[in-house]
Amino acid sequence: MTLRQLRDIYVSRLVDLYPENEIVSIFKIVCEDLLYMSKSDIMIRGEEPLSHLKEEILLRSLETLLAGTPVQHITGIGHFYDHEFKVNEHTLIPRQETEELVQWILDDHKGKQINSILDIGTGSGCIGVSLGNAFAKANSLKSSTKIILLDLSKNALQVAASNAEAISPEVNFELIHQDILATEKLEPFDIIVSNPPYVRELEKPELHKNVLDFDPEMALFVENEDPLVFYRKILELAKDHNNPLVYFEINQYLSKEMKQLAIQLDYKHELRKDLNGNWRMMKCWK
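Shown next, in the form of structure tokens:
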């Protein structure tokens, strides 16, 4: 079979799980990450017959996709901010919306020297490692600059450590196993950033099967009664610092509640929408 024929098989068989444009994107990811084909190869060589081995790889991957497995768990790679991050069942899959949060932070600190960054709930490390790498390339880091990657999951921290070493080995990353909700005090940081659990239990029916069945629950869900528990704790820990600057990814349905929380804790704040028009990011400062 040719690449184009296999792509058409993917589209016809996965149509009940994903929109067609997403299926095509998934097919390209499999070709890039498992067949090691470039984007141009995928476009140019669509009519060439594939080897039996490559055909088998694509067909086996299709069967796994039909079971609901995210493509990133098949390839072991999540693409984020022009880097390949290792991912597994212990980490959330990096998402495009989170790249916008990273870009906001970089834009705010362009040309500035960074002494310290804290990434709370780091997971795969995609936020903290991407920031460290970008700031290092911009010569914004000192030799003494430290970037803390904090998570409650030891397994997630192992993934983050591997990604930090692979993507930006020259940066001083420190990994800390800690429950932020049980933390009584934080040292000051130039930047605090977090994409904490924020999906309410009542929102489970809205989630795709590949999220519900494969993303770690502890990184996703909060109780319906107190969905802002992580945001409140982080802002309370940061409020006694001089000029605290905190960035969050937020639940699109709770932007008003986040605004009220910031006001209640005497923070100035700014909310931003993502490229899909959803309230997705927040910056808080004193």
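The sequence shown maps to residues 1 to 286 in UniProt numbering.
Glycine is no exception: its CB is placed at the ideal position from the N, C-alpha and C atoms.
Here the structure is a predicted model, which is why all the values come from computation and not from measurement.
| CA nearest to the CA of residue 134, picked from 119, 97, 82 | In the sequence shown, residue 134 corresponds to position 134, counting from 1. The shortest C-alpha separation from residue 134 is found at 82.
| query | If you draw a straight line from the C-alpha of residue 148 to the C-alpha of residue 107, how long is it? | reply | Along the sequence shown, read from residue 1 onward, the residue named residue 148 stands at position 148. Along the sequence shown, read from residue 1 onward, the residue named residue 107 stands at position 107. If you take the alpha carbons of residue 148 and residue 107, they lie about 20 angstroms apart.
| query | Does the segment 21-31 touch the segment 68-80, meaning 3 or more C-beta pairs lie closer than 8 angstroms? | reply | yes
| said: Using CA atoms only, rank isn't needed, just tell me which of 91, 59, 257, 129 is closest to residue 218. | reply: The residue you call residue 218 lines up with position 218 of the sequence shown. Nearest of 91, 59, 257, 129 to residue 218, Cα basis: 91.
| Is the beta carbon of residue 192 sitting closer than 8 angstroms to the one on residue 229? | By one-based count along the sequence shown, residue 192 stands at place 192. By one-based count along the sequence shown, residue 229 stands at place 229. No, these two residues do not count as a Cβ contact at 8 angstroms.
| task | Could you name each continuous beta strand (DSSP E) segment of 3 residues or more that falls completely within the UniProt domain "Methyltransferase small" (113-203), going from the start of the chain to the end? | result | 114-120, 141-151, 173-177, 191-194
| query | What residue from 30, 156, 44, 190 has the CA that sits closest to residue 243's CA? | reply | Here residue 243 corresponds to residue number 243 of the sequence shown, with the count starting at 1. The shortest Cα separation from residue 243 among 30, 156, 44, 190 belongs to 190.
| query | Is DSSP giving residue 245 helix, strand or coil here? | reply | Position 245 of the sequence shown, counting from 1, holds the residue named residue 245. In the structure shown, residue 245 sits in a strand (DSSP, three-state: E or B).
| Tell me, which residues are paired with residue 76 by DSSP? | Here the question's residue 76 lines up with position 76 in the sequence shown. Answer is none; residue 76 lacks a bridge partner.
| request: Enumerate in chain order the residues of its own chain whose CB-to-CB distance from residue 186 is below 6 angstroms, with the five nearest sequence positions on each side excluded. | output: Your numbering for residue 186 matches position 186 in the sequence shown. Excluding sequence positions up to five before and after residue 186, its CB lies within less than 6 angstroms of the CB of 237, all in the same chain and listed in chain order.
| Do you know offhand how far residue 118's Cα is from residue 13's? | Position 118 of the sequence shown, counting from 1, holds the residue named residue 118. Position 13 of the sequence shown, counting from 1, holds the residue named residue 13. Approximately 43 angstroms between the Cα atoms of the pair.
| query | If we call anything under 8 angstroms between Cβ atoms a contact, is residue 101 one with residue 46? | reply | Taking the sequence shown and counting its residues from 1, the one referred to as residue 101 is at position 101. Taking the sequence shown and counting its residues from 1, the one referred to as residue 46 is at position 46. Their beta carbons are not under 8 angstroms apart, which means residue 101 does not touch residue 46 by this criterion.
| Distance, Cα to Cα, residue 34 vs residue 259? | Position 34 of the sequence shown, counted from the start, is the residue given in the question as residue 34. Position 259 of the sequence shown, counted from the start, is the residue given in the question as residue 259. Near 44 angstroms, if we compare the C-alpha coordinates of residue 259 and residue 34.
| Sequence-distant residues of the same chain with beta carbon closer than 8 angstroms to residue 39, five excluded per side | Within the sequence shown, numbered from 1, the residue matching residue 39 stands at position 39. Here the set comprises 28, 32.
| Opposing strand residues paired with residue 230 [DSSP bridges] | Stepping through the sequence shown from its first residue, residue 230 is reached at position 230. None; residue 230 has no bridge partner.
| query | Enumerated in chain order, which unbroken segments of the alpha helix (DSSP H) with a length of 4 residues or greater are wholly contained in the segment 29-80? | reply | 39-44, 52-66, 71-75
| query | Under a Cβ-count criterion, where at least 16 other Cβ atoms within 10 Å of its own Cβ denotes burial, should residue 43 be classed as buried or exposed? | reply | Position 43 of the sequence shown, counted from the start, is the residue given in the question as residue 43. It is exposed - the Cβ of residue 43 has fewer than 16 other Cβ atoms within 10 Å.
| task | Within 10 angstroms of the Cβ of residue 128, are there 16 or more other Cβ atoms? Answer buried if so, exposed if not. | result | As a working mapping, residue 128 is identified with position 128 in the sequence shown. Buried is the call here.
| request: Check residue 235 in the structure and name its three-state DSSP category. | output: Position 235 of the sequence shown, counting from 1, holds the residue named residue 235. Note: residue 235 maps to helix in three-state DSSP.
| field | Three-state class that DSSP yields for residue 329 in the structure shown | value | This structure gives no information on residue 329, because the portion of the chain shown stretches from 1 to 286.
| field | Same chain only: Cβ atoms within 8 angstroms of residue 181, ignoring 5 sequence neighbours per side | value | The count along the sequence shown starts at 1 and reaches residue 181 at position 181. Excluding sequence neighbours, residue 181 sits near 229, 230, 233.
| request: Note the first and the last residue of the continuous beta strand (DSSP E) segment covering residue 271. | output: Sequence index remark: in the sequence shown, residue 271 carries index 271 (1-based). Residue 271 -> beta strand (DSSP E) spans 268-273.
| Beta-carbon proximity of residue 281 to residue 249, cut-off 8 angstroms | Reading the sequence shown from its first residue, position 281 is the one you call residue 281. Reading the sequence shown from its first residue, position 249 is the one you call residue 249. The Cβ-Cβ distance between residue 281 and residue 249 falls below 8 angstroms.
| Do residue 20 and residue 11 have their C-beta atoms closer together than 8 angstroms? | Here residue 20 is taken as the residue at index 20 of the sequence shown, counted from 1. Here residue 11 is taken as the residue at index 11 of the sequence shown, counted from 1. Taking 8 angstroms as the Cβ cut-off, residue 20 and residue 11 qualify as a contacting pair.
| field | Inter-residue CB distance, residue 267 and residue 227 (contact presumed, cutoff 8 angstroms) | value | Along the sequence shown, read from residue 1 onward, the residue named residue 267 stands at position 267. Along the sequence shown, read from residue 1 onward, the residue named residue 227 stands at position 227. Rounded, the Cβ-Cβ distance is 18 angstroms, inconsistent with contact.
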